Each structure stands twice: as structure tokens, then as C-alpha cells.
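Trainee: Top line first, the protein sequences correspond to chains V and W.
30 is the number of the first residue of the first sequence in my numbering; add one for each residue after it.
22 is the number of the first residue of the second sequence in my numbering; add one for each residue after it.
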Amino acid sequence: MKTKYTLKLTQPSHFYFVSFLTIGTLLLSLMIWSFYKEGKALQASMLQQTHKEAQQELFKALNHTLNTTYEQLQTLADWDEVHQQLHNPSYYFFWHDERFKESAYFQPYYQEIELYNRKGSLLAPASPQSDLDSLLPEHIDTLPKASLKFSRNDLPYVVVFHPIYQRDNQELLGYVGLALDIKQALLKQNQFFYLDKSSLIFEPSPSLSTEAVIDHIQFKAVDNPVNFYLWELIQKFILELIVTLALVAGLVMLLLNKLMRSPLITLSNYLHALKANPNSEQRPPAETFWLKELEEFKETLFEFHHNLQQTQTQLDQQNLIVWEQARRDPLTNIYNRRAFDEAWNEVIQNYHKHPIATAFMLFDCDFFKALNDTYGHEIGDEVIRISAKVIQQALPLESPAYRIGGDEFAVIIQHRTEKEILEIAEKCLVALNDYPFQSIGIKEKMTFSIGISSLATQKEDFLTNLPRQADIAMYKAKQSHTSKIQTYNLMLETEASALVSNKVINRVVSSAHTGKHIQLHFQPIVSLSNPTFYYEALLRIEGEEGLIQPYEIFKVIERRRLEVEIDQQVILAALEVLKKGQLPERSGLSINLSGKTLLQPNLVSLFEPFLPLLQRYKVVIEITENVLIDHIEYAQKVLNKLRQQGFKIALDDFGSGYSSIRYLASMPVDIIKFDMSMSRALGSDSKTQQIIMATADMIIQAGFDLVMEGIEDSHMLEQARLAGATHVQGYLLGKPAPDFTPPSLQAHEEA
Amino acid sequence: MSQQINFLRTLQRIAVLLASLSVSAFAQVVTHTIPGHDLKAEAEFFKGEANKPAVLILHGFLTTNQFHTVKSMANAMQEGGYTTLSPTLTLNINLRKQSVKCNSIHTHTLQDDINEIEAWIAWLKQKGYQDIVLVGHSSGSQELLAYLEQQQDPAIKLAIFTSLFYLNGPELGTQSSDIAYATQAIKENKLAPHKYSFLFCKKDYYATPESFLSYQKLDRAYILKQLSNLTIPSYTLMGSADKRHLDVGLDWLDELKNTPTHLIVVEGANHFFSSEYEFDLQEQLIKILGQHFK
């Protein structure tokens, strides 16, 4: 849910930009609409008020006009000449048609005026000089009420009558009747401020009482200039508001765009460009930002990236150096075993996708061990250096040489025919043979063996077999004095296996892969300083006809290059033993590892399952001296790691190989095991005995445990004790057995 | 000196004003039906001292007894203890109260007026007044002369005419055509009113021919003749600044002077003795009455 929420919030800048614009526009429209609505309401209210005022004005005007009319009629009734006419109407027409109209009593809105005698009859029935229809009746019975009437032309007029009384006795003398042009009278007698005079319309209807007249008058209020001006002002204001706000909004948007959005997009693009091309230098955007902080940010970003790039370059260079160092053999300065493993893995992976012709070539210096023993390590090392250099120079540029063992070099060659490969091998061999090794003091002729295995476009499974096949081929070459270049073929494999029976080979190979038929035999290693002991686990394989002899097993393992596989099986078997608690308490187990297994990247993880058992048992990992010396740096790293975890490391067969004391100080080991030849040498001449004892003493003094192997009798045991051995191993104390046979009681007691 | 006179006059006016207010309180409106007409006439009557004569005061052309010159004269005499009767000639309007306009329909005749004067004199006599003085203003003076031509009532002891002129004369604007028209209309029995020129009513005197013609009798010669024929003493009070003199000529005063009437010319007074000349008029009237009725 939280992720969703975050995703919703995280939007590109134009989303917020458009949202801001939309919301702003909506709010603005709402405000302006509200203004407009209020303005309209105000206008309507004012119009309504004006209309109300106009109505009141009309009502007042109507009353005023009617009152005025009554007053005028009263004045008329008091006029001498009206009395004159009522007394003697002989000249009524003249009075009516001329005199009256000239008099001050006449009003222009009098449509008609007549005098009636006390009986209600007109003083004269009709004016002979007038063709107009009379608006006033010829006779009235009683004093009629004022009423609104309409002429034939629908012109409105109000008929009003007023009685006239005798002056002396107030007897009724007659009536005066008036047809009043009500509209004209209203307009003449009144001033209108709210009523639009031109809008007055009297609705034609039957006679009405004057009280009801008001309801039959249509009118309009005058256009209130203030109202209209106000409305114009409001409209103008709203318009100006819209324009102003639009301008302001536009400016804000432009400013926001210029200040924030555009720089953000530019910076974002810049960052994308940096991300897409982290290794190339990207100049900062040319656009100059208005915001100082963003401008600084841009510069900082550029500088940061620049510095980062420089750091990266330095790091890359250092990595390259480290990589090179990790993959360069310090002695020969050609690629080492690790580089080879990586290169070989890459070949395998690529071959899976693009099968191409691949060949594997192994070089080995014949009798190198003897050479080393004879001329010393310095000359041996020089021979290795020269060999590497010569081989490298003779190889094609694209095919580097790898030092994968002490005097063993490997080459991977691709895109070449078998013939070309052979030519390359011959070229290398010629160069090696031609090198004047005498210059470094070697008197004997140096010979080299080359094993080749190649694969045109076969299956991947076979590709992984190439190193082993080249190894077999090289083994064959070593055996030959003349054919020092051997190319692997199936025949060679048969030859290699000829020494042991096929049954044995099959059983060993099968056991190496499956772990079946593997038996561990245990030989005790007894402490000379306290009554403790532990066992060395020794590999045995159960054959169809009894146990297969160790030398047979290792011959097959070595020839078939199955060291790693068989070591893994032994480790698993030892783990099983410890887990089952078959081992006596306070004892331990020592496991042998081949050089190839030591160089496996997963070595530490192979021993992880032992960690919980280390509190109960001592677990020793035995490594041969040659392996250690060849890969001293890598071995130190890996073995120290194991030591930190609680494992003990033993240097096996000390004295069988180089036995170089020079290396001892840097050996990542806890225990030194003297080879049986060293133990036996204790019984030889005194000089040798002294050297060995001095060596043993030196080892003890350096803090190592010293195990002497091959103790077969009490004399040897005594000599071992005298030499300072901390532990002893040999038939005297116990032969290798499938069970945990305690050390020989007598010998143990002696020990 | 003139200042002292003015001051004294002011005091006199105040006194007269107060006296008139007190006297007016006793004046009453009386009506009298004119014999021979179905009309009533109205007059203002003030009963004065029993031993003093009654004065009938007649208003001028188309006005009423409320005309200020008439009121002024009546007040002076009432103040002097004289009974006064100020009738308003009906001019054929029942109980007429208002002045009549030129363009009102005039149906009244000189004889109607004379009859009304006669009726009012009879009314006074009926009230027991045996000494009657006739006072007229303007055309009222002429009508009194016309009455005196017809009636020589022994009760009438004295006649005072103020602003006495005449009605008919070319110098007054009388149109011979009007007279001819009216004369012809009567002959043809066309009695409808018509607009004539008559004194200040220039072409808008709306009258029946009979009415119009009846007053034409009062011309310059007739007035002078009747003054000469009077059997009772008479006084004639004229204003020297009367604008009528511009029409009739200043020799009119001389001609009056040549009649038996006692001509008194008030210097500076206009036709109506307006303003301060009102008092001169009053003084002269009281003086005349005082001389005749001691």
C-alpha cells in the first residue's frame, strides 16, 4: 500500500505543473463566477428595489393626481362662471367650448368637462360644434364614483364628478363632470424619479374603481444609471480581474517554468545522460538557471560527477592493477591459475552459445623437480621464468600462457585448425629447445613436454574434458624421448589406464563422482606431551575384489584429474563420520586435500558444515608442501580464514619435496608433518640426524606442532621424542583401519 | 419736516389699520334678491351711527366689493361712523364673489346694473336710511350717474365720484366696427357672445351684443352732461397720476371742472389711489361727508 501511495505522489513535473494550472484555473473561475453571481444578484436587487420605488411612486402620483383633480373640481364648483352657467345656461356652449378652455381653470389633460343641473342632466345635451363622442354621460342619477374608462381608441380616462351647491343655502345646484386624461395628468402633475414615464400602459378593461387602477397599469422602472454603471463597473472589474489574474497566473507559470520546471527537466535529462554514459564526461547543460541554488547544484553535480569519474578511473586503474596482480603470476609475470580458471569458464560459457574450434595445450618441464633439487630454487625459478617468457613469445598474440602449476603452463587456442595448433606447439617447443639454458648454469639439456587436446565443434561435455585430455597427452609426451608433442586421442586414454584394470578405473571414477564404495581408514596420531590422539582419514575404495590399493586409486585420480571430485567425496564421508559421533571424544580427524581442491573457490564453504562440530572434535586439513609453495599468497588467504574458524592446518610430507625452510615462516599452518623419510633419517648418520633435529627444533621453536610419520618401532619413537616431536604416527601406534582403533596400548604408554 | 410728516402718516396708518380691523368685525354680508331677476346679489353692510347717512359704495368695471379701493373707502367711512353698503353687482352671476374676466361671457347690461343699484338703495331705505350718499369708483361712478339720470330719489343726498371717466370713445380703443357688428347682430337676432374690444379688454371682451352695446352709452359727453344735470351736490375725486389721462387727455379734468361737481384732484394718486394716496382719498371722503352731514 505504501509503495502505491509513493508511486502516486511521484509524478513528472509536468503533471504537477498541469495540476497546478488546472486547479488554479478552476479556483479562479470559481471566484470570478462568484463575483459575477454576486454582481448579478446586486443588480437584480437594485432593479427590484427600483421597481418597488417606481410602484410606490406611481401609487403616490395616482393619489396625488386624483386629489388634485378633486381639488380642481372643488375650485370649479366655487367658480362664479360655473354658477353663472347653472343659473342661466343660455350660452353654455360658448362657455364650454371657448371660455372655459381659455380660463385658468382649464387643464390640458381635461379631455372633457360638463356641467349638470341638479337633476343630473347635462346643461346642454351635446355640443353641436363637436363630432366627437362624448366621454361623459348625458345624465347621471346620483353622484357617481370616480372610475377608469377607456375610449374607443383604448385611451384611458378617469371620470370624476363633483357636486355644486348653492352659495347661500347649500342646496344642490348641479354637478361638474370631468373626463381626465389620466396618463397625461399623471405625467404633468408629478415628477418621476424611478418610473419610466414612457413605459406607462393602462390595460384596457371594463370600468374600474380608481383604487383598482393601480393594478391595471403596466410600467417599468427607469434604467438606474447608477445600477447600470455599477454593473458595468462590476463587469469591468471582473474582466480586469480575469485579465490580471490570467496575466499573473501566466507570469507565475512562466516564472515557475523558468525557475523550477525547466531547470529540473534539464537537470533530470543531465542526470539521465550521466546515468546512461557514466564513463564519458558530460558537460553540464549550457542553460543558465535563474535560481542561484540550482545553478550551484548543476555545477556541483558536474563537479561531483567529474570527481566521481576521476575516482572511478583511478579505481578502475587500481582494480585493473589488482585484477592483474590477482591474475598474474609474480614469478613469471604471465597469467596465473585464477586467470586460467576464469578464462576457461568464459570459453565454456561462450562455447555453449557459439561453438568454435577450441584447443587446449599443456607445457611441462621434464625432470624439473630434479633440476630444482640439483641447482636450487633460484635456478628452478629462473627456468620457470624463462620457460614462460619463451612460450609466451612463441604463441600467437591472442593466446596467452597461464602458469597453472609449478612448471606447468596451459594455453587455450581458438579458431585454429589442428594443423595450425600443432604448428604453434612445435614453434613453442623449438623455441624452448633452442633457448641456451647454459647461460644460467644448467649443464644438462632441458626437455619439455607438450600435451594437446582439441575440439572442433563437438559437444560442450567434451569441452570440459579438454584439460584432462591434454594432461593425458602431456603424460604420454613425458614418457617419450622423441615425440615431445602429443595430441590426445582415445588410444592414449587406454594406454594411461593400462597399468590398472578397467574394473578398478571404473570403480574409482564412479566413486569420485558418486561417493559410493568409498571407505575411510583411520590411523592414529598420538600426542607425546599428553595422552591425546586423533586420526588421519585415509581414502580407500572398495573394489569388486577387495579394497583397491591406494597407489592404484591415486594413479587413476591423477591420470583422470579427478582430485577435486574425490576430495569432495572424502570431505563428505569425514563429515558423516563426525556427525554420527563414531569418533572418540576429545580426539579429532585429519583430512587430506589435493592442490587442485585447495585452489577451488568454494573451499571455505566446503568446510562450513564442520563448524558446529569443532567444539567437540579437532579437525585438521592436510596440505602438501608443493601446493602451498606454488600458491603461497592464495593459500595464505584461504587457509588463514579456515584457521580463524577453528580448523587446524597441517603441512604434509615435509621433507619429501622442496622442503624449503625459507617458506616455513610464511606458511599458514599449525602443524608440520615430517615425511617418513625424515623420521627414518633420524636413524642415519649423525650429521643428517643433527640437521633433522635442528630442523625439528627450529619448527618447535617457531610454535608449530611437529608430527613425525612412519614411526615403526620404539627406537624411532625415542628418536622422535629426542628430536622434539609433539606427535607421532606410524605402525607402532596403529595401522590405518576402517574403525577407530585406539593407539597400541604399549606404544601409547611409551609415548 | 418731511420726515416728521412721514412719521405722522405712518402712525395714522397704523391707527386706521387697527380701527378698520375693529370696524370690520361688525361688517356683514347681506344678500338681496334683485327684483325682475332670478338672481341674488351680495353686499357688505356696516351699520354706522344712526344720525349719520348711509353710504352706498359701488365698485368699478368687472370687480367686486372686495376691490381694495372700495374696501378702503368703506373702511374710512365706517370709521367715521357712517353706515356703508358695498354691493357686488351680479353681472348676471348669482351671488357673484369673484371679479369677472374679459373673456367671461358677459350678458349683463347697464340697465341690469342700474336696477341692482336701485334695488340696493331700496334695501337701504327699507332699513330706514333716509339719507343716502352714493360713492362710486371708476365705472361704478359712471353707473351711479346713469342711475341718477333715471332716478331722482329724495333720499339720495350726495354723490361722490372717484376716478370718473367714460367707457366709450375712440381714444379708449372703442372700435366702431364692434359697435356696428353688435348692432347688426341684434338686428339679426344673433345673440351669441362675441369678442369685442372694450376698455382694457382688447378684442377679448366676450359679450352678447346687447350687453356690449348697453355700456356704449357711457361716453364722454354723457358723463359731462349727467354731471351737469345732477340735482344733488356731487364731488369728483381724481388722481393726477391716473394713466387714463393718457387716453382721455388732461383736458378731461378741465371739462369736469366746468361741471357743477366739486372736483378734487389728489396729486400723485393713480386710478386706484393706491399706496399712501389711499389715505388722501379717505381723508377727502371723510372731509366731504363731514362738511355735508354735521
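Ideal Cβ placement from N, Cα and C applies to all residues, glycine included.
Small disclaimer: the values here were computed from a predicted structure and weren't measured.
1. From A75(W) to E137(W), what distance separates their C-alpha atoms?
2. Name the DSSP bridge partner or partners of N189(W)?
3. The beta strand (DSSP E) that contains Y194(V), what's its start and end?
4. If you run the structure through DSSP and keep just helix, strand and coil, what is A153(V)?
5. Look up K782(V) in the DSSP assignment and say whether it is helix, strand or coil.
6. So what's T94(V) in DSSP terms, helix, strand or just coil?
7. Just to make sure I have the definition right: I need the residues of chain W whose C-beta is within less than 8 angstroms of the C-beta of N814(V). Which are they?
8. Output needed in chain order: residues of the stretch 215-231 of chain W with a Cβ under 7 angstroms from some Cβ in chain V.
9. For Y120(V), which residues in chain W fall below 8 angstroms Cβ to Cβ?
10. Within 7 angstroms (strictly less), CB to CB, does E100(V) reach chain A?
11. Return the first residue and the last residue of the beta strand (DSSP E) that H158(W) is part of.
12. Give a yes or no on whether the minimum CB-CB distance between R147(V) and chain W is below 7 angstroms.
13. L60(W) to Y204(V), Cα distance in whole Å?
14. With a threshold of 7 angstroms between beta-carbons, can L116(W) be considered close to chain V, or not?
15. State yes or no: is the C-beta of H80(W) within less than 7 angstroms of the C-beta of F67(W)?
16. Can you list, in chain order, the residues of its chain with a C-beta nearer than 7 angstroms to that of S45(W)? Leave out the 5 residues immediately preceding and following it.
17. Pull the bridge partners of Q548(V) from the DSSP assignment, please.
18. Which one of P384(V), H383(V), H381(V) and R356(V) has the shortest CA to CA distance from E371(V)?
19. If we call anything under 7 angstroms between Cβ atoms a contact, is K224(W) one with S218(W)?
20. Is any beta-carbon of chain V found at less than 7 angstroms from that of T52(W)?
21. So which residues of chain V does Q87(W) contact, with C-beta pairs closer than 9 angstroms?
22. Name, going along the chain, the residues of the stretch 256-288 of chain V whose beta-carbon falls closer than 7 angstroms to a beta-carbon of chain W.
23. Along the chain, where does the beta strand (DSSP E) containing F477(V) start, and where does it finish?
24. In chain V, which residues lie with their C-beta within 7 angstroms of the C-beta of K61(W)?
25. Can you pull the DSSP bridge partners for E651(V)?
26. Using a 10 Å radius around the Cβ and a threshold of 16 neighbouring Cβ atoms, would you call E63(W) buried or exposed?
27. Whose C-beta lies closer than 7 angstroms to the C-beta of Y65(V) among residues of the same chain, with five residues either side of it excluded?
28. Quick check: what's the CA-CA separation for Y121(V) versus Q113(V)?
29. On a Cα-Cα basis, can you pick out the residue from E299(W), N279(W) and T130(W) that is closest to K92(W)?
30. Using a 10 Å radius around the Cβ and a threshold of 16 neighbouring Cβ atoms, would you call A754(V) buried or exposed?
31. What are the boundary residues of the alpha helix (DSSP H) that A95(W) is part of?
32. Contact criterion: CB-CB distance below 7 angstroms. Does Q132(W) meet it with respect to chain V?
33. Going straight from the alpha carbon of N146(V) to that of L165(V), what length do you get?
34. On a Cα-Cα basis, can you pick out the residue from L568(V), Y663(V) and D704(V) that is closest to P765(V)?
35. Counting only Cβ-Cβ distances shorter than 7 angstroms, please list the residues of the stretch 147-163 of chain W near chain V, keeping chain order.
36. By DSSP's criteria, A766(V) is part of a beta bridge. Which residues make up the other side?
Mentor: Reading from the atomic positions:
1. 17 angstroms
2. D240(W)
3. P185 to Y194
4. coil
5. Look at the range of chain V in this structure, 30 to 780, and you will see that residue 782(V) is not part of it.
6. helix
7. Residue 814(V) falls outside the range modelled here, since chain V spans only 30 to 780, and no answer is possible.
8. Y227
9. I126, T128, A213, P214 and T229
10. The structure shown has no chain A; the protein chains it does contain are V and W.
11. I153 to H158
12. no
13. 19 angstroms
14. yes
15. no
16. For S45(W), the predicted model reports a pLDDT of 49, less than 50, meaning its position is unreliable; a value from the coordinates is still stated below. Excluding positions up to five away in sequence, the list is empty.
17. R569(V)
18. R356(V)
19. yes
20. yes
21. Going along chain V, no residue has its Cβ under 9 angstroms from Q87(W), so there is no contact; the nearest lies around 13 angstroms.
22. none
23. F477 to L484
24. D197
25. N621(V) and A679(V)
26. buried
27. I267
28. 9 angstroms
29. E299(W)
30. buried
31. H89 to E100
32. no
33. 14 angstroms
34. L568(V)
35. none
36. F551(V)
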